[in-house]
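J.:
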Amino acid sequence: MLKLMWRTLYRGYERLLTQEIANGTVPRHAAVIMDGNRRYSSRMKRATRFGHAKGADTTEKVIDWSWEAGIEHLTIYAFSTENFNRPEDEIEPLFELIGLKFDKMCEDERTHSRRMRVRIIGDISKVSPSLQASIEKIERITHDYDQFYLNVAIAYGGRQDIVQAVQEIAKKIHNGELELDNITESTISEHLYPADGCAVPNVDLIIRTGGNTRVSNFLSWQANGNECAAYFCAPFWPEFRKIDLLRSIRVYQSRLAAHNQNTAYRFANFVRAIGKVDKDDA
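The opening position of the sequence shown corresponds to residue 3 in the numbering used here, with each subsequent residue numbered one higher.
1) Once the 5 residues before and after P29 are set aside, which same chain residues still bring their CB inside 7 Å of it?
2) Does DSSP classify Y158 as helix, strand or coil?
3) Per the DSSP calculation, A232 is bridged to which residue(s)?
4) Taking the continuous alpha helix (DSSP H) assigned at I190, which residues delimit it?
5) Taking buried to mean at least 16 other C-beta atoms within 10 Å of its own C-beta, is Q224 buried or exposed?
6) Along the chain, where does the alpha helix (DSSP H) that runs through S82 open and close?
7) Return the Cβ separation of W239 and G212 in integer angstroms, given the expectation that the two are a contact with Cβ distance under 8 Å.
8) Could you tell me which residues DSSP pairs with H31 in its beta bridges?
9) Compute the distance between the beta-carbons of V120 and F97, then report whether it is under 8 Å.
10) DSSP state of L180, grouped into three classes?
11) With a threshold of 8 Å on Cβ separation, who are the neighbours of T20 within its own chain once the five nearest residues in sequence on each side are excluded?
12) Smallest Cα separation from A80: which of E192, T144, D125, M46?
13) By Cβ distance, which residues of its chain are closer than 8 Å to P237, with the 5 residues on each side in sequence left out?
14) Would DSSP call R88 helix, strand or coil?
15) So M36 and I78 are supposed to be a Cβ contact under 8 Å. How far apart are they, rounded?
16) Using DSSP with H/G/I as helix, E/B as strand and the rest coil, what is M7?
17) Below 8 Å, how does it come out for the region 141 to 153 and the region 101 to 117: are there three or more Cβ pairs, yes or no?
18) Does DSSP put V120 in a helix, in a strand, or in coil?
19) So what's N39 in DSSP terms, helix, strand or just coil?
20) Let me know if W8 comes out buried or exposed under the rule of 16 or more other beta-carbons within 10 Å of its beta-carbon.
21) Measuring only the C-alpha atoms, how far is R41 from I175?
22) Is the beta carbon of N204 less than 8 Å from the beta carbon of N228?
23) For M83 and A157, what's the separation of their Cα atoms in angstroms?
24) DSSP state of Y147, grouped into three classes?
25) If you count every other CB in all the chains shown that lies within 10 Å of the CB of K5, and 16 or more means buried, which is it?
26) On the DSSP bridge assignment, give the partners of N153 in chain order.
27) Please determine, among I190, G160, E187, the residue with the shortest C-alpha to C-alpha distance to V220.
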């Protein structure tokens with residue numbers, strides 16, 4: 003009886019949140035730091051791979067929810083450069099799990115009906131050969147899709163991403179393919195992962211689970227210099243729910259509304275200041 007009551011309350015709250023965000027602007031690009039798989043395993047007194055498996059199931063749901071919400075780009079932080087410091091007996095099963103999920107996506111009808119393009123951002127030369135093969139396959143199969151972008155950060159670090167972009171630009175300058183005076187912010191963006199001529203756009207919303215309030219070297223270039231909202235929540239990644247995603251969108255919309263209101267207020271003050279100057283001059 004109690005479970006039925008909570009289920010009813012949850013569904014009602016989910017409908018309420020859906021209605022609240024329906025008339026607002028949805029973030030074009032949401033990025034997620036999926037934190038808490040290992041702590042979830044520990045709390046459940048299970049092996050680490052249990053938490054990663056449950057987290058992978060949550061990732062699949064979040065892809066569905068993001069598509070339904072109208073998000074165009076979803077970037078998920080699957081494996082950072084710092085994660086290579088973890089034990090080998092954790093890394094190998096995790097790479098195997100990620101590869102299996104990519105293989106499943108190749109056959110999944112949703113991938114094709116949504117025209118979902120899957121792209122990997124990071125130094126994939128550092129991952130296992132089997133995962134490299136799965137990455138090559140999913141990127142090839144979805145290469146021509148352009149309705150929804152799933153960017154998966156593997157062997158990725160924000161600073162490392164900028165460094166490799168600078169190295170590529172330096173090579174082109176050295177080879178005479180690029181003039182120093184022609185380098186702009188767009189030039190740097192175009193050389194960040196993935197270097198396929200379709201840069202990952204600026205981030206509108208960063209979500210982090212697991213209770214930590216930091217962005218951990220994630221999309222350093224794309225998340226700075228623009229109005230990026232951040233949503234930090236307590237649930238471990240395997241526990242992340244649809245209402246958590248909807249709440250994060252509501253936070254983004256609230257921040258956007260506040261920014262627009264502040265811009266309008268400053269413009270009004272500017273107009274009044276111009277009127278006062280004209281009057282004094284007269």
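Here a beta-carbon is modelled for each residue, glycine too, at the ideal position from N, C-alpha and C. Computed from a predicted model, the values in this text were never measured in an experiment.
T.: So, from the listed chains and residues:
1) I73, D206, L207, I251, Y254
2) strand
3) I208
4) 187 to 193
5) buried
6) S82 -> not in any alpha helix (DSSP H); beta strand (DSSP E) instead, spanning 75 to 82.
7) That pair is a contact at about 7 Å.
8) H75
9) Taking the C-beta atoms as reference points, F97 is found no nearer than 8 Å to V120.
10) Looking at L180 - three-state DSSP - the assignment turns out to be coil, as it is neither helix nor strand.
11) L248, listed in sequence order.
12) D125
13) G38, T211, G212, R243, D246
14) Assigned with DSSP and collapsed to three states, R88 falls in coil, not helix or strand.
15) 6 Å
16) helix
17) Judged by Cβ distances under 8 Å, the region 141 to 153 makes contact with the region 101 to 117, as three or more pairs qualify.
18) strand
19) Looking at N39 - three-state DSSP - the assignment turns out to be helix.
20) exposed
21) 47 Å
22) yes
23) A small correction: the amino acid at residue 83 is Thr; Met does not occupy that position in the sequence shown. Cα to Cα, the separation comes out at about 5 Å.
24) coil
25) exposed
26) T77, R121
27) As written in the sequence, residue 220 is Phe, which differs from the Val given in the question. Selected option, being the one with the closest Cα: G160.
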